[in-house]
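Structure record follows, encoded as structure tokens.
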Amino acid sequence: MQKLAAFVSSVKREAPGGVALAGPEDLLRSEAEAAVVRAVFGRKDPGPRFVTLDGAPEGGEPLEPASVLDEARSLSLFDLSGKGRKVVSVRRADALVKGHLDAFLAYLSNPAPDAVIVLHMHSWDKRAAYAKKLDAWAVDCLSLYETAFGETEASARSPLGTWLASRASRAHKLHLAPDAVVRLIELTGTNLAELDGALATVAASAREGSSSVSARDVDRCVAPSRTYTQFRIADLATAGRGAEALEIADACFAQGLPDARGRVRHSESGIAESVIWAVSQRVEQLYAVKGLVAEGRWNASTAGKMGVPPFRMKEVE
12 MQKLAAFVSS VKREAPGGVA LAGPEDLLRS EAEAAVVRAV FGRKDPGPRF VTLDGAPEGG
72 EPLEPASVLD EARSLSLFDL SGKGRKVVSV RRADALVKGH LDAFLAYLSN PAPDAVIVLH
132 MHSWDKRAAY AKKLDAWAVD CLSLYETAFG ETEASARSPL GTWLASRASR AHKLHLAPDA
192 VVRLIELTGT NLAELDGALA TVAASAREGS SSVSARDVDR CVAPSRTYTQ FRIADLATAG
252 RGAEALEIAD ACFAQGLPDA RGRVRHSESG IAESVIWAVS QRVEQLYAVK GLVAEGRWNA
312 STAGKMGVPP FRMKEVE
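So for the sequence shown, my numbering puts the first residue at 12; every next one is plus one.
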């Protein structure tokens with residue numbers, strides 16, 4: 012799997028016959044596709060030589076692989092000259108590609124010389140057989156971690172934090188202080204498109220002649236779109252950060268609390284019940300770990316069974 016920056020650089024020299032944009036980040040997939048379009052058409056309007064297909068049409072017949080592959084192999088009805096290449100972009104291609112993997116692998120191994128197929132695959136599991144077979148054509152559009160290695164809090168040193176600082180500088184001419192990076196993630200979440208929108212808001216609100224942004228500047232102009240959760244409260248409470256836990260609990264009562272389906276509840280009794288459950292579950296987990304540590308049975312295997320990832324083992328212990 013290629014990193015996005017390496018892919019964008021490589022297509023300037025030569026656009027591939029096919030590519031799988033692998034991951035849920037719409038912004039990264041959009042940037043990768045834009046790089047392909049620029050490589051094939053330059054600054055010209057692609058017109059009918061840029062074709063978009065929906066791999067999972069709602070209320071319609073599922074797309075067949077032949078519809079994609081025949082489109083790639085055929086000339087446009089509006090471009091009979093045969094000059095230049097075409098780009099066939101397949102949105103929501105997950106089920107289509109996974110269900111007909113052999114057909115797409117055969118094509119990608121021997122693509123039509125006058126076309127580029129762009130497969131948007133929102134769901135991507137690196138461990139799955141399909142991902143390993145498509146790895147040579149995959150571009151990394153996966154979500155970025157908000158925590159640095161070995162840490163559990165959002166950090167300016169994390170992959171997401173470094174991306175955010177770089178994006179602010181390149182696209183918005185802003186310098187984000189480390190606390191501003193963390194605050195943006197806390198308020199907005201980890202979706203790159205939403206974070207980029209928040210950066211645009213900060214840039215529009217920045218004082219004239221000032222490009223340096225602090226956490227206070229972020230608070231002044233970015234409304235929280237990431238609703239605080241009972242699990243965040245539990246993390247802070249069991250880490251001894253009671254004042255912060257209570258502050259977020261207050262925000263939950265004021266803004267509401269989303270359930271597993273994303274529906275926001277505003278019932279105070281329901282919110283209180285969820286918070287108490289989350290904190291008690293975390294406390295119960297810590298007491299169980301305490302027993303394992305005392306018995307000398309605290310290891311990666313027992314941690315995994317309790318839902319504790321390897322990078323949190325030391326902290327929990």
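Here a beta-carbon is modelled for each residue, glycine too, at the ideal position from N, C-alpha and C.
Assigned exposure category for residue i - 16 Cβ within 10 Å defines buried
i, result
"Tyr118", "buried"
"Ser169", "buried"
"Ser291", "exposed"
"Arg60", "buried"
"Ile287", "exposed"
"Gly28", "buried"
"Ser134", "exposed"
"Glu44", "buried"
"Met317", "exposed"
"Ser92", "Here Ser92 scores only 47 on pLDDT, less than 50, and its place in the model is too uncertain to base an answer on."
"Arg54", "exposed"
"Thr63", "exposed"
"Arg243", "buried"
"Ser100", "buried"
Assigned secondary structure, residue i (DSSP; H/G/I helix, E/B strand, else coil)
i, result
"Gly281", "helix"
"Val224", "strand"
"Ala245", "helix"
"Asp230", "helix"
"Thr212", "helix"
"Ser154", "coil"
"Gly172", "helix"
"Val294", "helix"
"Ala188", "coil"
"Gly302", "helix"
Where the alpha helix (DSSP H) containing residue i begins and where it ends
i, result
"Met12", "No alpha helix (DSSP H) contains Met12, which DSSP labels as neither H nor E."
"Lys109", "Asp105 to Gly110"
"Ala167", "Segment: none, Ala167 is in no alpha helix (DSSP H) and carries neither H nor E."
CB-CB length for residue i against residue j, believed under 8 Å
i, j, result
"Ser154", "Thr201", "6 Å"
"Val150", "Gly172", "Contact flag wrong, Cβ pair sits at about 22 Å."
"Ala311", "Ala245", "The Cβ separation is near 23 Å, so there is no contact."
"Val127", "Val19", "In fact, because the Cβ distance is near 14 Å, the residues do not count as touching under 8 Å."
"Leu5", "Val108", "There is simply no residue 5 to check, as the chain begins at 12 and stops at 328 in what is shown."
"Leu38", "Asp190", "So it is not a contact: roughly 24 Å between Cβ atoms."
Segment limits, beta strand (DSSP E) that includes residue i
i, result
"Asp65", "Phe61 to Asp65"
"Ser312", "Taken as a continuous stretch (DSSP letters only), Ser312 belongs to no beta strand (DSSP E), being part of the alpha helix (DSSP H) at Ala311 to Lys316."
Rounded C-alpha distance that separates residue i from residue j
i, j, result
"Ala214", "His186", "10 Å"
"Asp125", "Arg227", "53 Å"
"Phe115", "Val30", "11 Å"
"Glu279", "Ala159", "35 Å"
"Thr240", "Asp261", "11 Å"
"His183", "Ala211", "7 Å"
"Val327", "Lys14", "33 Å"
"Ser285", "Thr163", "22 Å"
"Asp146", "Asp230", "41 Å"
"Ala140", "Thr199", "34 Å"
"Trp309", "Glu295", "16 Å"
"Pro35", "Leu203", "10 Å"
"Val22", "Ala46", "7 Å"
"Pro122", "Ser78", "15 Å"
"Ala254", "Cys263", "14 Å"
"Arg276", "Cys232", "26 Å"
"Ser180", "Lys301", "45 Å"
Any chain C beta carbon closer than 7 Å to residue i
i, result
"Lys55", "No chain C appears in the structure shown, which is made up of a single protein chain."
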